[in-house]
Amino acid sequence: MEFTALTFDQIALAAMACIALREAMIVFLPDEIAGPGGWLIDTGEEEV
Numbered sequence: 003m004e005f006t007a008l009t010f011d012q013i014a015l016a017a018m019a020c021i022a023l024r025e026a027m028i029v030f031l032p033d034e035i036a037g038p039g040g041w042l043i044d045t046g047e048e049e050v
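Throughout, my numbering is defined as the position within the sequence shown, counted from one, plus 2.
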């Protein structure tokens, strides 16, 4: 079994991709899924 080394650039790119995907989900998914009180991404308390 051969292991390849991970570079800092690969780790940084993966982190930035995760952050970008999270932000896109918050913008494009409905609030019940990704918003205040959402089940996938909870961005804060629900407004009353």
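Quick reminder that beta carbons are idealized off the backbone N, C-alpha and C, glycines included.
Small disclaimer: the values here were computed from a predicted structure and weren't measured.
| query | Short check: CB of Ile28 to CB of Ala16, under 8 Å? | reply | For Ile28 and Ala16, no; Cβs fall outside 8 Å.
| message | So for Ile21, helix, strand or coil by DSSP? | response | Helix at Ile21.
| query | Looking at the structure shown, is Ala36 part of a helix, part of a strand, or coil, going by DSSP? | reply | It is a strand residue.
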